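See structure below.
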Amino acid sequence: MTEGKRLTIDQLARAGQAAFGERWQTALANVLNVNSSRIRGVLAGKRLPPPGWTPEIIELLRRRSQECLDMERALENELNSGNAPDRD
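Its first residue numbered 42, the sequence shown is counted upward by one per residue in my numbering.
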């Protein structure tokens with residue numbers, strides 16, 4: 042269970058990059074409903090990531106992971122059934 046547990050700065054950065062790529066800070070701030078300056082403050086060591094962010098970030102990673110798996114399956118099905126558009 043992750044409730045009440047606080048991510049480290051490194052864990053926050055790795056999770057943000059995994060979910061949104063290199064330009065992850067603003068996107069993660071939007072998901073957490075905070076200003077991106079709050080994320081930057083955490084990364085700079087001015088404050089700690091709140092424990093309340095942990096379950097939200099874990100759920101975000103689960104959703105993003107499932108979306109990727111769903112897309113992988115859809116593409117494989119389309120390619121194997123011949124329904125994918127043939128474009129260069």
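All residues carry an ideal CB built from backbone N, CA and C; glycine is no exception.
What you are looking at is a predicted structure, and each value in this text was computed from that prediction instead of being measured.
Could you give the first and the last residue of the continuous alpha helix (DSSP H) run that contains residue i?
i: Gly82; result: 77 to 84
i: Trp65; result: Careful: Trp65 lies outside any alpha helix (DSSP H) and carries neither H nor E.
i: Pro96; result: 94 to 122
Out of curiosity, what's the CA-to-CA distance linking residue i and residue j?
i: Gly82; j: Arg104; result: 26 Å
i: Thr67; j: Ala85; result: 15 Å
i: Glu108; j: Gly62; result: 15 Å
i: Glu117; j: Lys87; result: 46 Å
i: Pro92; j: Arg79; result: 14 Å
Note to self: Does the contact criterion of 3 or more C-beta pairs under 8 Å hold for the segment 61 to 78 versus the segment 94 to 105?
What the structure shows: At 8 Å Cβ cutoff, the stretches touch.
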